[in-house]
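**Q** In the UniProt record's numbering, the protein residues as written are 1 to 169. Glycine is no exception: its CB is placed at the ideal position from the N, C-alpha and C atoms.
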Amino acid sequence: MVIHLVRHAEAIERTPEVQEQQRYLTPKGRSRFRKIAGTLKKAGIAPDLILSSPLIRAVQTAEILAQALKFKKELQLTDLLAHGFGEPQLHRLLEEHPDAREIALVGHEPELGEVTRLLLETEGPCALDKGATVTFKLKPAGAEFRHLVDGRANLIDSRGKAIIHLNQG
Numbered sequence: 001m002v003i004h005l006v007r008h009a010e011a012i013e014r015t016p017e018v019q020e021q022q023r024y025l026t027p028k029g030r031s032r033f034r035k036i037a038g039t040l041k042k043a044g045i046a047p048d049l050i051l052s053s054p055l056i057r058a059v060q061t062a063e064i065l066a067q068a069l070k071f072k073k074e075l076q077l078t079d080l081l082a083h084g085f086g087e088p089q090l091h092r093l094l095e096e097h098p099d100a101r102e103i104a105l106v107g108h109e110p111e112l113g114e115v116t117r118l119l120l121e122t123e124g125p126c127a128l129d130k131g132a133t134v135t136f137k138l139k140p141a142g143a144e145f146r147h148l149v150d151g152r153a154n155l156i157d158s159r160g161k162a163i164i165h166l167n168q169g
């Protein structure tokens, strides 16, 4: 199975008037993520399932991804991708969708960075840029890094370069 861990794009900041659950994508965030989604399309990603955190900014990111990839199915929302997502929740999602060959998971930092660190089996902290996507092929013996598309829509297919980039986050 192939998984794409997608951090939501740039969203408005939390303020006393705007609670965490109400944060939505900025125009800049939408524009940048359209470029990222275009790079992902060129890279050939074709998920048969897109799962998203139910928070507005993640859903909006998932919608842009679906549009760019001409994804015909419905997006699925799951609380497992909201804050608190980790390795146990990843395993649960994979168990819930055993027939999926390729899944995009749209969520949040710092959780996605920590799952990325675990899958890369690296010591240093990992942080995904806003809108960044890291792709792995899951195998019985572990995860094989495929590529990272950073927050500027650059495709990085070297595991070493990706780790350096993720450690700078």
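Note down, in chain order, each residue of its chain lying with its Cβ closer than 6 Å to the Cβ of A62, except the 5 sequence neighbours on either side.
**A** Hits under 6 Å: I50, S52, L75 and V106.
**Q** Apart from the five residues just before and just after L155, which ones in its own chain have a Cβ nearer than 7 Å to its Cβ?
**A** The residues are T39, A43, H147 and V149.
**Q** Flag this pair as yes or no: are the beta carbons of G151 and K130 separated by less than 8 Å?
**A** Taking 8 Å as the Cβ cut-off, G151 and K130 qualify as a contacting pair.
**Q** What residue from G124, A153, L90 and P110 has the CA that sits closest to A143's CA?
**A** Closest by alpha carbon: L90.
**Q** A104: buried (16+ other C-beta within 10 angstroms of its C-beta) or exposed?
**A** A104 is buried by the Cβ-count criterion.
**Q** CA-CA distance, G123 and V134?
**A** Gly is not the amino acid found at residue 123; the sequence shown has Glu there. Distance between the alpha carbons of E123 and V134 is about 17 Å.
**Q** Determine the closest residue to A66 out of A37, R14 and L118, with distance taken between C-alpha atoms.
**A** Looking at the Cα atoms, A37 is the closest of the given residues.
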